[in-house]
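Below is one structure, written out as structure tokens, with a few remarks after it.
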Amino acid sequence: MAPHAWTIHETLEHLRRGEISAVEVTEDYLTRIEALDPILHAYLTVTPDLALAQAREADERWVAWRRDPTTPLPPLNGIPLAIKDVICVQGVRCTCGSRILENFVPPYEATAIVRLREAGAVFLGKTNTDEFAMGSSTENSAFGPTRNPWDLERVPGGSSGGSAAAVAADLCAGALGTDTGGSVRQPAALCGVVGLKPTYGRVSRYGLVAYGSSLDQIGPITKDVWDAAILLQWIAGPDPRDATSWPAPVPDYTRALIPDLKGVRVGVPPEYFIPGMQPEVEGAVREAIEVLAELGAEVIEVSLPHTAYALPTYYMIAPAEASANLARYDGVKYGLRIQGETIWDTYRLTRGYGFGPEVKRRIMLGTYALSAGYYDAYYLKAQKVRTLIRRDFEQAFERVDVMVCPTSPTTAFRLGERTSDPLQMYLADIFTITANLAGICGISVPCGFDSQGLPIGLQILGPALGEEKILRVAYAYEQATPWHHRRPPLTAIDHPGRSLGSGERFG
Amino acid sequence: MPEEVAMALSREEVEHIAELAKLALTDEEKSLYAEQLSAILGYFRKLQEVDTSDIPPTATVLPIRNVFRPDEPGEPMPREWLLQNAPAQADGCFQVQPVLEE
Numbered sequence: 000m001a002p003h004a005w006t007i008h009e010t011l012e013h014l015r016r017g018e019i020s021a022v023e024v025t026e027d028y029l030t031r032i033e034a035l036d037p038i039l040h041a042y043l044t045v046t047p048d049l050a051l052a053q054a055r056e057a058d059e060r061w062v063a064w065r066r067d068p069t070t071p072l073p074p075l076n077g078i079p080l081a082i083k084d085v086i087c088v089q090g091v092r093c094t095c096g097s098r099i100l101e102n103f104v105p106p107y108e109a110t111a112i113v114r115l116r117e118a119g120a121v122f123l124g125k126t127n128t129d130e131f132a133m134g135s136s137t138e139n140s141a142f143g144p145t146r147n148p149w150d151l152e153r154v155p156g157g158s159s160g161g162s163a164a165a166v167a168a169d170l171c172a173g174a175l176g177t178d179t180g181g182s183v184r185q186p187a188a189l190c191g192v193v194g195l196k197p198t199y200g201r202v203s204r205y206g207l208v209a210y211g212s213s214l215d216q217i218g219p220i221t222k223d224v225w226d227a228a229i230l231l232q233w234i235a236g237p238d239p240r241d242a243t244s245w246p247a248p249v250p251d252y253t254r255a256l257i258p259d260l261k262g263v264r265v266g267v268p269p270e271y272f273i274p275g276m277q278p279e280v281e282g283a284v285r286e287a288i289e290v291l292a293e294l295g296a297e298v299i300e301v302s303l304p305h306t307a308y309a310l311p312t313y314y315m316i317a318p319a320e321a322s323a324n325l326a327r328y329d330g331v332k333y334g335l336r337i338q339g340e341t342i343w344d345t346y347r348l349t350r351g352y353g354f355g356p357e358v359k360r361r362i363m364l365g366t367y368a369l370s371a372g373y374y375d376a377y378y379l380k381a382q383k384v385r386t387l388i389r390r391d392f393e394q395a396f397e398r399v400d401v402m403v404c405p406t407s408p409t410t411a412f413r414l415g416e417r418t419s420d421p422l423q424m425y426l427a428d429i430f431t432i433t434a435n436l437a438g439i440c441g442i443s444v445p446c447g448f449d450s451q452g453l454p455i456g457l458q459i460l461g462p463a464l465g466e467e468k469i470l471r472v473a474y475a476y477e478q479a480t481p482w483h484h485r486r487p488p489l490t491a492i493d494h495p496g497r498s499l500g501s502g503e504r505f506g
Numbered sequence: 000m001p002e003e004v005a006m007a008l009s010r011e012e013v014e015h016i017a018e019l020a021k022l023a024l025t026d027e028e029k030s031l032y033a034e035q036l037s038a039i040l041g042y043f044r045k046l047q048e049v050d051t052s053d054i055p056p057t058a059t060v061l062p063i064r065n066v067f068r069p070d071e072p073g074e075p076m077p078r079e080w081l082l083q084n085a086p087a088q089a090d091g092c093f094q095v096q097p098v099l100e101e
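Quick mapping for you: the protein sequence lines, in order, are chains A and B. Residue 387 in numbering that gives the first Met the number 0 sits at position 388 of the first sequence, and the numbers go up by one each step. Residue 8 in numbering that gives the first Met the number 0 sits at position 9 of the second sequence, and the numbers go up by one each step.
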């Protein structure tokens, strides 16, 4: 098996045994990126110099450790990762998928990145995203969409579609995404990989470019559940630079990985099985719930009565927060500037040209909702319904340890299929936004394939700081099923007419 | 609470919101957003079904608390780093057009 096919824990084992060097693993990924990324467009920026320098340093640490096993060895020494392009890596361009930040090079670094760097990770590059993480398909990137590795005519989901596609196509060992309304879990489901949204505040948001500040979380996208636990371990924890980071100690997440579910109570919310969802998705999720029961879980139906109001609540609160957060892009201190006759014209032109259609749509929506005369009817109303959605989960988690449901109502849709109808696109998030509104944690794991061969995701939701619970259920399910071993058939033979490594960009 | 929430947006309202948000829009964009935002706002009408009379709003899911740190001077970021992304700079400062009229 080639190094790029290994999980993070497998790669660490091969490195530990000295069978391969971190430079060799990194070179294998860089070669694969060069061959396949012109087709997939998972990366916006590839950083081979940085990656190889980090890999060489990691190899020096492996050598020192082998000479003297008492030498401290960082936990992710030599693991090549991809980072969503809304998370700042110092000195590496961070575009947020937007023309307005096309040439922005952050002079500082996100806390999650500092921690991964200290853990010995290698950064392969920055991955494609819907502009400012606003979208469910990666089609809102100003630099063109990412393609789904399982079917190149379909979207990878979004907004962390670049990270999910990179993990699914073995263009990195693991990746970071961000999840404001499902942007880690939904693309993970559509690409057949694992995606974990931590509890709000579990991972520092310092250095993450803000979209919806009461909703945003950084989370891992990985090839299996064990890897998700490993990455979360090193990015989680309180941070003095983020006042909303949760001051609770970080448990050892890998200890939660137990392959049975005896004594675990699993809730199934009937509101998450709705008319109009793809029957094969419902079928696969229902079968997955039977597997959980066979593993020893007690399965109980638990209602979340305000679910139907989650989508309008989210699409009021998130754009309102976005309209405030994106006010900073004024062409003064960084980013694009289009000079007008007056400073006011400069603001208007810079923002009018620099932002894409969906970002402008959400800024308009949020500005309207927060404007005089409409604040109570829209924004305050949505915040009150948000309270009811939180209470639904609080009451549910008094009875069960986790809730399970589909991650997405459909498998990957076709490129262009929903771009002209914003409401249709927003429906892709219908099962994931509740976790962000309630501030709880959730994970998506592969649970089957539809008749087109497209992956289906099972979502497991847990209470605030319940990461160990969702990891345990996800791990037990994964170990009992074959889905995570499947990889997309990405070869030149399977896609005739598309030459590999030509540098060609589609879309 | 106004009864007339989620009415269709007029072109003038779209222009007013765009001005509040400092967004230059083309004529085509104004028509498109008037139509799309009206549809989205219509969808929000669903929220009016919910009785929230005794429900407090949620602004953050975290328990509200103050976070303190010792007030000690730290290492500032070098000025050149802060200026490196500036569209225009002069004498170690960000350069902008006049904000105040004469």
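Just so it is clear, CB atoms sit at the ideal spot from N, CA and C, and this is done for glycine as well.
Rounded straight-line distance, which links the Cα of residue j to that of residue i
i: A/A376; j: A/L369; result: 10 Å
i: A/R116; j: A/L214; result: 25 Å
i: A/T110; j: A/I469; result: 24 Å
i: B/C92; j: B/P75; result: 16 Å
i: A/I459; j: A/V301; result: 14 Å
i: A/W64; j: A/P74; result: 12 Å
i: A/G124; j: B/A7; result: 44 Å
i: A/A235; j: A/T177; result: 13 Å
i: B/I54; j: A/F396; result: 20 Å
i: A/P47; j: A/L29; result: 7 Å
i: A/H305; j: A/W482; result: 32 Å
i: A/L256; j: A/Q478; result: 10 Å
i: A/V113; j: B/L24; result: 39 Å
i: A/A187; j: B/Q88; result: 43 Å
i: A/T406; j: A/G465; result: 18 Å
Helix, strand or coil at residue i [DSSP, three-state]
i: A/C446; result: strand
i: A/N435; result: helix
i: A/P71; result: coil
i: A/E340; result: coil
i: A/G500; result: At A/G500, the pLDDT of 37 sits below 50, so the modelled position is not reliable; the number obtained from the coordinates is stated separately. Coil, per DSSP.
i: B/F93; result: strand
i: A/R413; result: strand
i: A/G77; result: coil
i: B/Q88; result: strand
i: A/Y42; result: strand
i: A/D329; result: coil
i: B/E3; result: Annotation note: pLDDT 46 at B/E3 (below 50); position unreliable, coordinate value reported separately. B/E3 falls in the coil class under three-state DSSP.
i: A/F131; result: helix
i: A/D27; result: helix
i: A/V113; result: helix
i: A/T243; result: coil
Exposure of residue i, with buried meaning 16 or more beta-carbon neighbours within 10 Å
i: B/R68; result: exposed
i: A/V284; result: buried
i: A/P269; result: exposed
i: A/P495; result: With a pLDDT of only 41 at A/P495, under the threshold of 50, the placement of this residue in the model should not be trusted, and no figure is reported.
i: A/Q53; result: buried
i: A/T6; result: buried
i: A/M402; result: buried
i: A/W343; result: exposed
i: A/Q382; result: buried
i: B/V98; result: exposed
i: A/N127; result: buried
i: A/G415; result: exposed
i: A/M424; result: buried
i: A/V265; result: buried
i: B/S52; result: exposed
Paired residues, beta bridge with residue i - DSSP
i: A/C440; result: A/G461
i: A/M402; result: A/G266 and A/L460
i: A/E300; result: A/V267
i: A/G173; result: A/L80 and A/T221
i: A/A235; result: A/V202
* Give a yes or no on contact between the segment 328 to 346 of chain A and the segment 92 to 106 of chain A, applying the rule of three or more CB pairs nearer than 8 Å. => yes
* Is it a yes or a no for the segment 275 to 290 of chain A touching the segment 333 to 352 of chain A, going by three-plus beta-carbon pairs under 8 Å? -> no
* Asked: Counting Cβ pairs closer than 8 Å, one from the segment 17 to 33 of chain A and one from the segment 142 to 149 of chain A, do we hit at least three?
  -> no
* Flag this pair as touching only if the segment 25 to 44 of chain B and the segment 307 to 315 of chain A have three or more C-beta atom pairs under 8 Å; answer yes or no. => yes
* Is it a yes or a no for the segment 343 to 353 of chain A touching the segment 12 to 22 of chain B, going by three-plus beta-carbon pairs under 8 Å? -> yes
* Stretch pair the segment 233 to 252 of chain A + the segment 78 to 92 of chain B: three plus CB contacts closer than 8 Å -> no
* Three or more C-beta pairs below 8 Å linking the segment 436 to 456 of chain A and the segment 182 to 198 of chain A -> yes
* Touching or not, the segment 275 to 284 of chain A and the segment 240 to 247 of chain A, by the rule of three or more beta carbon pairs under 8 Å? -> no
* Is the segment 1 to 19 of chain A close to the segment 160 to 175 of chain A, with three or more CB pairs under 8 Å? -> yes
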